[in-house]
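Data block below; observations after.
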Ligand code: HAM
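Residue numbers (the working numbering): 5 to 421.
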């Protein structure tokens with residue numbers, strides 16, 4: 005037998021309603037916030053991710069599924085959704101008409117990570133990217149979209165925020181961090197040596213205990229912001245407070261991708277036994293469009309891991325309502341298949357959710373089956389019923405049975421289902 009690949013999951017029929025709910029919540033959010041859906045290919049040129057996500061990121065360094073295709077091109081399965089959306093925004097001139105352009109997607113992502121609970125090699129993200137606006141309103145609206153999404157599943161995570169500042173603030177702060185760790189570099193992990201050269205900010209979120217200890221007393225970004233950035237960050241915090249959104253300022257939050265500038269955030273729940281506590285994350289990336297060849301365009305967005313969220317719901321015992329009952333089971337005991345097939349077709353055409361005897365079961369086992377699939381009513385049709393032009397209907401909840409004219413069945417079901 006050939007088994008599934010490590011770190012990947014089948015979506016089994018028993019769980020499909022959860023994914024349908026995810027999509028229906030996305031559609032509802034699209035309607036409320038006037039977002040438009042976008043889908044980009046699962047694979048792109050490797051260069052796109054190297055230039056977007058950054059060659060100091062773990063994703064680019066260690067986790068990409070990269071291969072050479074038959075034409076000798078270096079191809080990568082998308083490790084995250086943002087880079088492809090930005091590529092498409094530029095390539096299709098989506099910013100040429102009216103701004104902002106507010107996009108969303110549900111996309112598979114591929115990362116060669118060590119699989120564990122909540123960490124997969126193939127996962128899916130609900131992502132939002134808002135192009136063209138750099139304002140308090142766009143920052144807050146983007147965060148509210150994520151909260152609305154979680155709320156639809158009965159979750160209220162907390163939000164951790166940090167502010168990476170403008171290019172000037174970031175450059176100065178990187179130097180401060182380098183200065184701070186310089187004398188300890190020999191004790192730090194090999195990854196941090198690389199980060200020291202490529203993106204010293206990422207030293208702040210190193211998971212190695214020694215590196216963590218070294219950076220514990222590092223200068224805080226928020227204390228080294230220029231006036232404009234400092235005011236902006238204060239305004240964001242004030243607005244969150246006035247919206248009753250509990251936030252935590254996490255001075256070490258830098259996010260794992262190099263494209264972020266300005267505001268970054270993560271949605272977390274600390275009391276969860278997930279191993280991974282980030283249910284989602286995002287931030288502003290105002291330089292990426294330009295650095296990939298587009299017109300300078302500020303953007304803010306986030307990604308929410310769907311599998312991680314579903315696992316979280318399971319661990320917390322939060323149910324997603326699932327109406328998997330059907331309206332009518334048509335039980336038949338006749339050779340007149342034409343009659344039955346036409347009747348079933350007519351019920352479906354009227355909008356009923358209908359099942360019928362596809363397995364040549366006996367009358368008795370059809371009733372058992374109808375019970376198992378949670379049919380609300382069974383319409384039973386045998387030779388007698390056909391000859392009398394009548395049908396028997398059983399209400400499966402009450403056990404009540406009636407025999408009525410065939411022409412009245414639809415009306416009866418409409419009133420009682
Ligand atoms: P990210 O933080 O790398 O950001 O991923 C977003 C979310 O995807 C995570 O918080 C987590 O819920 C989920 N996730 C990530 N990796 C895995 C994994 N291996 N297994 C299961 N779930 C995972 C991004 O990808 C950015 N593109 C988000 C963004 C959009 N920023 C701006 N716009």
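Where is the CB? At the ideal position from N, CA and C, for every residue including glycine. Please read all numbers here as calculations on a predicted model, not as lab measurements.
Quick one: give me the first and last residue of the beta strand (DSSP E) that residue i is part of.
i	result
residue 264	Taken as a continuous stretch (DSSP letters only), residue 264 belongs to no beta strand (DSSP E), as it is neither H nor E.
residue 395	394 to 399
residue 379	379 to 386
residue 67	Careful: residue 67 lies outside any beta strand (DSSP E) and carries neither H nor E.
residue 408	405 to 409
residue 358	358 to 360
residue 134	126 to 135
residue 160	Counting along the chain, residue 160 falls outside any beta strand (DSSP E), and DSSP gives it neither H nor E.
residue 48	47 to 49
residue 252	251 to 253
Where does the unbroken alpha helix (DSSP H) through residue i begin, and where does it stop?
i	result
residue 237	231 to 246
residue 142	140 to 155
residue 112	Residue 112 -> not in any alpha helix (DSSP H); beta strand (DSSP E) instead, spanning 105 to 114.
residue 87	86 to 95
residue 419	413 to 420
residue 80	No alpha helix (DSSP H) contains residue 80, which is instead part of the beta strand (DSSP E) from 78 to 81.
residue 350	341 to 353
residue 32	20 to 37
residue 369	367 to 376
Report buried or exposed for residue i, applying the criterion of at least 16 other Cβ atoms within 10 angstroms of its Cβ.
i	result
residue 36	exposed
residue 230	exposed
residue 283	buried
residue 262	buried
residue 266	buried
residue 2	Given a span of 5 to 421 for the chain in the structure shown, any question on residue 2 remains unanswerable.
residue 369	exposed
residue 389	buried
residue 83	buried
residue 107	buried
residue 6	exposed
residue 291	buried
residue 321	exposed
residue 95	exposed
residue 86	buried
residue 55	buried
residue 304	buried
residue 367	exposed
residue 149	buried
residue 137	buried
residue 297	exposed
Please list, in chain order, all residues of the same chain as residue i whose beta carbon is under 8 angstroms from its beta carbon, the five residues on each side excluded.
i	result
residue 497	The structure shown has nothing for residue 497, since the chain only spans 5 to 421.
residue 299	99 and 293
residue 77	49
residue 268	165, 166, 167, 168, 257, 258, 259, 285, 286, 287 and 288
residue 264	168, 258, 287, 288 and 289
residue 332	351, 356, 357, 358, 359, 379, 380, 381, 382, 383, 417 and 421
residue 375	400
residue 273	159, 161, 162, 281, 283 and 316
residue 330	357, 358, 359, 377, 378, 379 and 380
residue 43	109 and 111
residue 40	34, 105, 106, 107 and 108
residue 308	129, 130, 131, 150, 153, 154, 271, 283 and 284
Identify, in the order they occur along the chain, each residue of the same chain with its Cβ nearer than 6 angstroms to the Cβ of residue i, setting aside the five sequence neighbours on each side.
i	result
residue 244	251
residue 21	326
residue 80	50, 53, 68 and 70
Among residues of its own chain, excluding the 5 on either side of residue i, which ones have a beta-carbon nearer than 7 angstroms to its beta-carbon?
i	result
residue 416	397 and 408
residue 188	218
residue 255	166, 224, 225 and 226
residue 124	11, 12, 13 and 311
residue 64	53, 54, 57 and 58
residue 323	none
**Request:** Answer yes if the segment 154 to 161 comes into contact with the segment 103 to 118, meaning at least three C-beta pairs across the two stretches below 8 angstroms, and no otherwise.
**Result:** No: the two stretches stay apart, fewer than three of their Cβ pairs being nearer than 8 angstroms.
**Prompt:** Is it true that the segment 330 to 344 meets the segment 166 to 178, where meeting means three or more beta-carbon pairs spaced less than 8 angstroms apart?
**Reply:** Short answer: they don't touch.
**Request:** Decide if the segment 171 to 189 is in contact with the segment 307 to 321; the criterion is three or more beta carbon pairs, one per stretch, under 8 angstroms apart.
**Result:** The segment 171 to 189, when compared against the segment 307 to 321, does not touch it at the 8 angstroms Cβ threshold.
**Item:** Contact the segment 98 to 110 vs the segment 59 to 66: 3+ CB pairs below 8 angstroms
**Value:** They do not touch, by the three-pair rule.
**Request:** Indicate whether the contact test is met: 3 or more Cβ pairs, each with one atom in the segment 179 to 197 and one in the segment 138 to 148, closer than 8 angstroms.
**Result:** Because the criterion of three Cβ pairs below 8 angstroms is not met, the segment 179 to 197 and the segment 138 to 148 do not touch.
**Message:** Tell me whether the segment 19 to 29 and the segment 216 to 228 touch, counting them as touching only if at least three CB pairs, one residue from each stretch, are closer than 8 angstroms.
**Reply:** Of all C-beta pairs linking the segment 19 to 29 to the segment 216 to 228, fewer than three are shorter than 8 angstroms, placing the two stretches out of contact.
**Message:** Across the segment 214 to 225 and the segment 83 to 91, are there enough close Cβ pairs to call them in contact, namely three or more that are closer than 8 angstroms?
**Reply:** No, because fewer than three Cβ pairs between the segment 214 to 225 and the segment 83 to 91 fall closer than 8 angstroms, the two stretches do not touch.
**Message:** At 4 residues or longer, what runs of the alpha helix (DSSP H) sit wholly inside the segment 165 to 234?
**Reply:** The segment 165 to 234 contains these whole alpha helix (DSSP H) runs: 171 to 185, 194 to 202 and 213 to 219.
**Complete runs of the beta strand (DSSP E) confined to the segment 271 to 332 [at least 3 residues]** = Listed in chain order, they are 282 to 288 and 303 to 309.
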